[in-house]
Amino acid sequence: MKLDNPYSRTVTQDDSLPAAQAMLHAIGLDKQKLALPFVGIASTGYEGNPCNMHLNSLAQQVKTALPTDEVNGLIFNTIGISDGISMGTSGMNYSLPSRDLIADSMESVVAGMHYDALVTVVGCDKNLPGALMAMLRLNRPSLMLYGGSIAPGCHKGKKLDVVSAFEAWGEKVKGEINQQDYQAVIENACPGAGACGGMYTANTMSAAAEAMGMSLPYSASNPATSPEKKSECQSIARALRYLMAHDIKPRDVVTRASLFNAFRVITVLGGSTNAVLHLLAIAHAAEIPLALLDLQNISRQTPMLADLKPSGRYLMEDLHHAGGVPAVMKLMLEHGLLDGSCMTVTGRSVAENLAQVPPLAENQRVIKPPNKAIKKAGHIQILTGRLAPEGSVAKITGKEGERFVGSARVYDSEAEANQGIKSGEVVAGDVVVIRYVGPKGGPGMPEMLKPTAAIMGAGLGKEVALITDGRFSGGSHGFVVGHISPEAQLCGPIALVQTGDEITIDAKQNSIDVAVDEAEWAKRKAAWQKPKQTAVKGTLAKYARLVASASLGCITDGDETTGVPHG
Ligand code: FES
70 MKLDNPYSRT VTQDDSLPAA QAMLHAIGLD KQKLALPFVG IASTGYEGNP
120 CNMHLNSLAQ QVKTALPTDE VNGLIFNTIG ISDGISMGTS GMNYSLPSRD
170 LIADSMESVV AGMHYDALVT VVGCDKNLPG ALMAMLRLNR PSLMLYGGSI
220 APGCHKGKKL DVVSAFEAWG EKVKGEINQQ DYQAVIENAC PGAGACGGMY
270 TANTMSAAAE AMGMSLPYSA SNPATSPEKK SECQSIARAL RYLMAHDIKP
320 RDVVTRASLF NAFRVITVLG GSTNAVLHLL AIAHAAEIPL ALLDLQNISR
370 QTPMLADLKP SGRYLMEDLH HAGGVPAVMK LMLEHGLLDG SCMTVTGRSV
420 AENLAQVPPL AENQRVIKPP NKAIKKAGHI QILTGRLAPE GSVAKITGKE
470 GERFVGSARV YDSEAEANQG IKSGEVVAGD VVVIRYVGPK GGPGMPEMLK
520 PTAAIMGAGL GKEVALITDG RFSGGSHGFV VGHISPEAQL CGPIALVQTG
570 DEITIDAKQN SIDVAVDEAE WAKRKAAWQK PKQTAVKGTL AKYARLVASA
620 SLGCITDGDE TTGVPHG
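Sequential numbering of the sequence shown, starting at 70, is according to this note's numbering.
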């Protein structure tokens, strides 16, 4: 069957556009080739980050695998920010905005250059939701290739990953490890190409993409340097051909039901809180209604089964050896935790894909059976209350308890909080409040991995809670609540908290409250002054103007004045 070229024919087959055809001849496409569809291969590859360093090579392998007598594969690149490298610095402000830049740039190239189909080759946290958003906005036959996760590092017989390096700082501050071991952890934590190895945001979103049907089975758990990842490039080419031949588009695959599947898999695997933001934004791109409460309902009904880092013991590579994400999904399907009828980019349903998949390995320890769940309900809990009328996102694995009452220790920036933890100002019983780090206030809603890792490293994980209008890295663990909305920059209640106020976080009641009497609260509100926006020009200033609340997924293409999504 001849593959169709509904978009590229605009420039390749119109006699009145000779200049376009002349330029395409220059890149090696003769008249015969110009009649074939154009497939964009969007790589987020770049040299400066292990998660992305191998992606251009994978993109090239995808191109080579495409049938040259049927399509023209055209590689293009977009940007990326390494969360691991920017964490704890001003560079982190660019991380979440990079998601929307990635989506915008992929959309721009594919729409502006009239490509008929798209393969996205992605590797790091924001790459994945950015690419999914672009594919759903464009709605042309598309699928995603995930670069895979990094192999574990090792020091003194202990398996390491990037979060080990963050936590080593806290251990050094506490005097638990010496300078030599600290340096050895840094040098051995990340041994080569691939995304951060635990169930952090990249692996969370790769599992979500696979569960929602937008990548091939095993894409999420095939390690970056495995032979399976290489052979996935061949399978991608075959799958894309099928999608094009049958005109199966992302919005045929991504539905409300498939987004629910994605969040169920995230919950079972103990994935990152960032997934909440990203799923809301992905739903917006697909014009599917999805709200925080929908996710809360799923969380209530779905157990957490995976003993994966950051709160557990194992890495994505261990899950790969245990049977991979498809084996987990098979288990979920058998226990009624998945909708098997959803379509996927294989052209088959979830249930049809899983029928061919072996179950979890017999003696594996990564995934618990549902009757021995690590937590009966999901670890991601949506909390609302006086401190977060629009909602907040808590990560409660149960290991730290489900209720925390403590005394606020307020910091107006991450740097001040880090200093407070380092100096010993933060003590058992504190609720560390880090504010003015929301989508507009940050701007860019930076991740608070450094303070959460320092709290864990200092041995205070069970005695100190942390709440913020910023985000958490997928690597964060402990008693943490983020995405507090409205944010401090918009005079959300978190802006009015003072050191010493009593804060109650209750993950069973899904509430987050502060005990301050009404008169005092009103006085503080009247005295509040909006801090000056720190970003006055450039990309962060644009972002601060456009970004919507975290409770709406921090989308940037909603209504210009209110930030509320269209539709
Ligand atoms: Fe890329 Fe962690 S920095 S996945």
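Glycine residues also receive a C-beta, built at the ideal position from the N, C-alpha and C atoms. Quick caveat: nothing in here was measured; it's all calculated off a predicted structure.
Inter-residue spacing [alpha-carbon to alpha-carbon] between residue i and residue j
i	j	result
V140	L72	8 Å
D316	P210	6 Å
K132	R307	12 Å
N487	L135	49 Å
A289	P296	14 Å
A293	V231	16 Å
G493	A262	37 Å
P439	A534	29 Å
H635	I351	Residue placement at H635 cannot be trusted, given a pLDDT of 48 that sits under 50; what the coordinates show is reported in the next sentence. The straight-line gap from Cα to Cα measures roughly 14 Å.
G226	A391	21 Å
T608	D321	33 Å
P372	K445	4 Å
P458	P555	7 Å
S151	R540	15 Å
V179	A591	51 Å
P508	D626	14 Å
E516	L364	21 Å
A584	M398	43 Å
E629	L615	Since pLDDT at E629 reaches only 49, below the 50 mark, its modelled position is unreliable, and no value is offered.
S304	G393	17 Å
G222	V495	31 Å
L170	W238	32 Å
K594	G149	39 Å
R382	T466	13 Å
I335	L98	43 Å
G447	F332	10 Å
Assigned secondary structure, residue i (DSSP; H/G/I helix, E/B strand, else coil)
i	result
Y311	helix
V496	coil
I317	coil
P87	helix
E629	Its pLDDT being 49, under 50, E629 is placed unreliably in this model, and the value from its coordinates should be taken loosely. The answer is coil: DSSP assigns E629 none of H, G, I, E or B.
N141	strand
E386	helix
G636	In this prediction, G636 has a pLDDT of 43, which is less than 50 and means its spatial position is unreliable; what the coordinates show is noted afterwards. Coil.
K132	helix
C302	helix
S295	coil
Q598	coil
A396	helix
Y287	coil
D363	helix
H347	helix
N146	strand
F107	strand
E516	strand
I436	strand
H94	helix
Rounded Cβ spacing between residue i and residue j (contact assumed at less than 8 Å)
i	j	result
S174	Y163	Actually they are not in contact, since the Cβ atoms of S174 and Y163 sit about 14 Å apart, beyond 8 Å.
K437	L374	5 Å
A271	G181	The pair is not a contact, with the Cβ atoms about 28 Å apart (cut-off 8 Å).
R455	D582	5 Å
G216	H347	Not a contact, Cβ separation roughly 17 Å.
S368	I443	Not confirmed; about 14 Å, so no contact.
A203	A234	Not quite, the Cβ-Cβ distance comes to about 32 Å (not below 8 Å), so this is no contact.
A280	V190	With a Cβ gap of about 19 Å, A280 and V190 do not count as contacting.
N330	L388	Contact flag wrong, Cβ pair sits at about 18 Å.
Best match in the options for proximity to residue i [C-alpha to C-alpha]
i	options	result
G244	K611, R540, G526, G551	G526
L400	L429, M213, A591, D376	L429
N208	E356, T603, T521	E356
K298	L518, E431, L285	L285
Y269	S380, K228, D321	S380
E571	S218, I563, K241	I563
V108	T625, L338, L384, A186	A186
K611	G513, W597, T521	G513
L93	E301, G470, H183	H183
G340	E116, P75, S545	S545
K228	N343, V397, Q82, L377	L377
M161	K594, S482, G622	S482
M283	E256, T273, V323	V323
A360	K195, L621, P75	L621
Cutoff 7 Å: residue i Cβ touching any chain B Cβ
i	result
H224	Of the protein chains in this structure there is only one, and it is not chain B.
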